[in-house]
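Take a look at the structure below.
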Amino acid sequence: MKCDQVRALIGPATDNELPNAEAALVAGHISDCAPCRDQWDKILKVRQGIIDISRAQEPNAGFEKRLIAGVYLEERKKLRASFNWSVVGIAALALISMGAVSYINLEKSKNENQSVATAQPGLNKTAPVESVEVESLVLSVGHHSSGQENPAYQVQYKGKANPSGFSVEAGFKIEPANLANYVLQGSDIVKTSNDKTLVRMCYTSLNKGETDCIDCYQAPSGMLAFAKTSTREIIMANGQTARFGEVDGQSAVMVSDRGLDTLYVSPIAAKRLLHLVSPNA
Amino acid sequence: MFFQDTTRRKTLEKWVQTYSREFFHFALFRLRKHEDAEDAVQITFVKAFRSYNSFKIGSSEKAWLYAILTNTIKDQIKLATNRLQGSSLDEMDLENVLADSRDAPDEALAKKMEYERLASGIASLPDHFAAPLLMREVSDMSYKEIAEQLVVPIGTVMSRLYRARKVLHDLMTGATEITEINHTATAGVKEDGMEGAYEM
Ligand SMILES: [Zn+2]
Ligand SMILES: [Zn+2]
Chain A
185 MKCDQVRALI
195 GPATDNELPN
205 AEAALVAGHI
215 SDCAPCRDQW
225 DKILKVRQGI
235 IDISRAQEPN
245 AGFEKRLIAG
255 VYLEERKKLR
265 ASFNWSVVGI
275 AALALISMGA
285 VSYINLEKSK
295 NENQSVATAQ
305 PGLNKTAPVE
315 SVEVESLVLS
325 VGHHSSGQEN
335 PAYQVQYKGK
345 ANPSGFSVEA
355 GFKIEPANLA
365 NYVLQGSDIV
375 KTSNDKTLVR
385 MCYTSLNKGE
395 TDCIDCYQAP
405 SGMLAFAKTS
415 TREIIMANGQ
425 TARFGEVDGQ
435 SAVMVSDRGL
445 DTLYVSPIAA
455 KRLLHLVSPN
465 A
Chain B
113 MFFQDTTRRK
123 TLEKWVQTYS
133 REFFHFALFR
143 LRKHEDAEDA
153 VQITFVKAFR
163 SYNSFKIGSS
173 EKAWLYAILT
183 NTIKDQIKLA
193 TNRLQGSSLD
203 EMDLENVLAD
213 SRDAPDEALA
223 KKMEYERLAS
233 GIASLPDHFA
243 APLLMREVSD
253 MSYKEIAEQL
263 VVPIGTVMSR
273 LYRARKVLHD
283 LMTGATEITE
293 INHTATAGVK
303 EDGMEGAYEM
């Protein structure tokens with residue numbers, strides 16, 4: 185084989201695109217011919233460079249998890265957008281005239297006592313503590329929710345940035361959750377139709393195969409209230425008291441501490457959620 | 113709602129497991145920035161998931177996903193108009209390459225420079241050269257797959273690969289400068305492929 189013929193085959197040979205016989209001819213030729221071998225080496229040099237650069241540049245930890253959760257987040261946003269277009273426009277007037285804007289308070293009065301430990305009962309008679317009903321909130325905006333969007337909740341996506349950064353906008357000091365092996369996937373501000381502002385932070389697992397996120401809602405103490413769920417008070421491993429219940433088929437744990445209500449909701453097992461929320465101190 | 117749609121969900125998980133790393137590297141070579149590459153992959157999967165129903169069973173899933181990825185990257189390049197001006201090479205952290213190297217320090221430094229030139233070279237290549245090169249080197253596609261993906265004859269794939277490799281090698285060794293890339297890469301391309309000797 186002449187150099188001319190070989191040159192045209194070197195690329196395909198390095199790419200394993202030649203039949204065995206031809207590949208053998210090329211290999212034979214370059215073992216004896218320095219200029220042709222040089223061509224071969226040049227291709228391999230570029231290839232090795234691409235391999236080395238790739239190896240030095242892996243995606244950040246939890247990439248796959250973040251991708252999956254990201255797709256679901258986008259999907260929910262899209263659902264919300266189409267819902268807003270198709271339903272809110274038409275139904276807004278009707279809702280307001282029917283008094284549906286106060287929908288999330290419907291069940292408040294009869295259940296407040298059992299759900300919000302920090303609520304001040306004395307206020308109930310004159311100015312009721314306006315709260316946000318956990319059930320309708322989760323049903324509407326929870327990432328694993330089975331419910332319809334509820335126009336009483338408007339979600340504003342804030343991205344992956346540290347949520348403490350928008351404490352001012354939220355109107356209270358946000359404390360990001362610390363869940364072992366979980367990372368922040370995205371944060372949102374949730375505005376309710378009764379002028380409440382709370383925050384939802386979505387955490388996804390770094391463990392392979394775990395695709396269920398943990399949604400962490402945070403609000404000033406007394407704002408979040410279980411209405412229909414029968415909750416029980418529990419003492420967690422770190423000594424904190426918490427409310428535990430099941431909302432929309434998911435585990436829900438609410439911790440009230442230092443002026444904040446923090447509600448964790450996830451389809452993961454209750455025991456595991458409690459362990460994450462309250463690792464043994 | 114769709115969370116109960118387990119078939120779709122399983123498919124998404126399979127796509128992500130199979131392609132996310134490869135897509136990431138593909139995107140990174142074009143976009144340079146780690147975050148931009150991750151975003152491109154994210155957008156690709158969001159688009160794919162949305163148009164899941166329009167994907168025809170029996171056609172190549174990989175080809176379909178790559179079509180979405182390459183279009184997404186093109187869009188992102190268009191958006192980042194100052195991409196080349198701004199790519200001061202520090203976006204790609206090549207220290208890891210060096211840390212691993214068994215070369216002597218001066219050789220390691222030379223290699224690092226070569227790799228920086230290579231990386232910025234790939235980012236600067238016109239799309240019709242970069243795409244076949246990355247499909248071959250990053251995605252391990254055959255000529256046939258690349259030809260189908262780009263809707264060009266196999267000979268064209270070969271000539272574009274040849275040109276891209278030549279330019280990149282010259283860049284690595286300092287024989288060409290990046291500013292010459294577009295000119296060099298596109299000059300005298302024989303789109304029909306195999307005729308003529310491929311002198312590097
Ligand atoms: Zn020869
Ligand atoms: Zn979530």
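Residue numbers (our numbering), protein chains in the order written: chain A, 185 to 465; chain B, 113 to 312. For glycine and all other residues, C-beta sits at the position ideal for the given N, C-alpha and C.
Item, Value
"Could you give the residue range of the beta strand (DSSP E) that holds C400 (chain A)?", "398-404"
"Does S371 (chain A) come out as helix, strand or coil in the three-state DSSP assignment?", "strand"
"Need the endpoints of the beta strand (DSSP E) that A436 (chain A) sits in, please.", "434-441"
"Mind pulling the chain B residues with CB within less than 7 Å of L209 (chain A)?", "Ordered by position in chain B, no residue passes the 7 Å Cβ test against L209 (chain A), which lies about 16 Å from the chain."
"May I have all residues whose beta carbon comes closer than 6 Å to any heavy atom of ligand 1, sorted in chain order?", "A:C187, A:V190, A:H213, A:C217, A:P219, A:C220"
"Excluding sequence positions up to five away, which residues of its chain have a Cβ less than 6 Å from the Cβ of V269 (chain B)?", "P244, Y255, I258, A259"
"Would you mind stating whether F135 (chain B) and T119 (chain B) have Cβ atoms separated by less than 8 Å?", "no"
"Name the residue from A:W224, A:F428, A:Q424 whose alpha carbon lies nearest to the alpha carbon of S414 (chain A).", "A:F428"
"Can you determine whether any heavy atom of ligand 2 sits closer than 7 Å to the C-beta of D472 (chain A), and answer yes or no?", "Because chain A here runs from 185 to 465, residue 472 (chain A) falls outside it and cannot be looked at."
"Are L365 (chain A) and N391 (chain A) close, meaning C-beta to C-beta below 8 Å?", "The question names Leu, but residue 365 (chain A) is Asn in the sequence shown. Yes, they are a contact pair."
"Going along the stretch 251-264 of chain B in order, which residues come within less than 8 Å of chain A, judged by CB to CB distance?", "S254, Y255"
"Output needed in chain order: residues of the stretch 366-400 of chain A with a Cβ under 8 Å from some Cβ in chain B.", "T395"
"Just how far apart, CA to CA, sit G443 (chain A) and G370 (chain A)?", "23 Å"
"What residues are listed by DSSP as bridge partners for R384 (chain A)?", "A:D372, A:Y401"
"With A426 (chain A) as the anchor, note down where its beta strand (DSSP E) starts and where it stops.", "425-431"
"Between R248 (chain B) and chain A, is there a C-beta pair that is closer than 8 Å?", "yes"
"Answer yes or no: the CB of H327 (chain A) versus the heavy atoms of ligand 2, is any distance below 7 Å?", "yes"
"Going straight from the alpha carbon of A354 (chain A) to that of K174 (chain B), what length do you get?", "43 Å"
"Give me the Cα-Cα distance between A160 (chain B) and W176 (chain B), rounded to the nearest whole angstrom.", "9 Å"
"Can you list the residues of chain A that M225 (chain B) reaches, using a CB-CB cut of under 9 Å?", "Ordered by position in chain A, no residue passes the 9 Å Cβ test against M225 (chain B), which lies about 11 Å from the chain."
"Identify the contact partners of F247 (chain A) in chain B, using a Cβ-Cβ distance below 9 Å as the criterion.", "V128, S132, R133, F136, E150, V153"
"At what residues does the beta strand (DSSP E) containing R416 (chain A) begin and finish?", "416-419"
"Taking all protein chains shown into account, do 16 or more other C-beta atoms lie within 10 angstroms of the C-beta of S251 (chain B), making it buried, or fewer, making it exposed?", "buried"
"Looking at the C-beta of H281 (chain B), does it have a partner C-beta in chain A at a distance below 8 Å?", "yes"
"Output yes if chain A places a C-beta closer than 8 Å to the C-beta of E125 (chain B); else output no.", "yes"
"Using DSSP bridges, identify the partner residues of T446 (chain A).", "A:Q402, A:V439"
"Ignore the nearest five residues each way along the sequence and tell me which others in R191 (chain A)'s own chain have a CB closer than 8 Å to its CB.", "C220, Q223"
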